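What follows is a single structure, written as structure tokens, with notes after it.
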Ligand SMILES: [Cu+2]
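Numbering (this note's numbering), first residue to last: 4 to 147.
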């Protein structure tokens, strides 16, 4: 049986479009001595991001430069589009941020909680991703 040419063409396009879709560029500042950042970068790359790692042993100055509130600090700081993404925020939540485009500076998953991408293990409780604002009580953007 011969398939109509149009069907083959659309099959070809359908299969090749995801591969052609441009990857989302991420600039990730991290301390090269921190292992979870490497795993986290791989998590992003496996989910359609293109990660440029920038090694620095002075993460404190990066946090200052981008004014990350101390209580929201994660182990690394990433720039994605116009947003700041602090810590081990899962790829799908970053994609939601880019789709919804809320008027915030960025989002953050503070610390290095077990069960977040890059930190193997089982979560003890749902993890909250906060808006990167310095208010007394940061709002929650997502829970996973
Ligand atoms: Cu890390």
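Every residue, glycine too, gets a C-beta built ideally from N, C-alpha and C.
Quick caveat, the model's predicted, so the values are computed rather than measured.
### Query
By DSSP, does residue 91 sit in helix, in strand, or in coil?
Counted from its first residue, the chain shown places residue 91 at position 88. Reduced to three states, the DSSP call for residue 91 is coil.
### Message
Looking at the secondary structure, which residues open and close the alpha helix (DSSP H) in which residue 31 lies?
### Response
Here residue 31 is taken as the residue at index 28 of the chain shown, counted from 1. Premise fails: residue 31 lies in the beta strand (DSSP E), 27 to 33, not in any alpha helix (DSSP H).
### Task
Using DSSP bridges, identify the partner residues of residue 86.
To locate residue 86, count along the chain shown from 1; it is residue 83. Its beta-bridge partners are 83.
### Query
So which of 50, 99, 28 and 132 has the shortest CA-CA distance to residue 147?
As a first step, residue 147 must be located in the chain shown, where it is residue number 144. Residue 132 is the option with its Cα nearest to residue 147.
### Query
For the putative contact between residue 111 and residue 89, defined by C-beta atoms under 8 Å, what is the C-beta separation to the nearest angstrom?
On the chain shown, residue 111 is found 108 positions in, with the first residue counted as 1. On the chain shown, residue 89 is found 86 positions in, with the first residue counted as 1. Indeed, because the Cβ distance is near 4 Å, the residues count as touching under 8 Å.
### Query
If we count the other Cβ atoms within 10 Å of its Cβ and call it buried at 16 or more, is residue 70 buried or exposed?
Here residue 70 is taken as the residue at index 67 of the chain shown, counted from 1. By the 10 Å Cβ count, residue 70 comes out exposed.
### Message
Nearest by alpha-carbon distance to residue 2: which of 140, 116, 41 and 117 is it?
### Response
The structure shown has nothing for residue 2, since the chain only spans 4 to 147.
### Message
Measuring straight from C-alpha to C-alpha, what distance separates residue 123 and residue 117?
### Response
Residue 123 sits at position 120 when you count from the first residue of the chain shown. Residue 117 sits at position 114 when you count from the first residue of the chain shown. If I take the Cα positions, the gap works out to 6 Å.
### Message
Within 10 Å of its beta-carbon, does residue 145 have 16 or more other beta-carbons around it, so buried, or fewer, so exposed?
### Response
Taking the chain shown and counting its residues from 1, the one referred to as residue 145 is at position 142. Buried, because 16 or more other Cβ atoms sit within 10 Å of the Cβ of residue 145.
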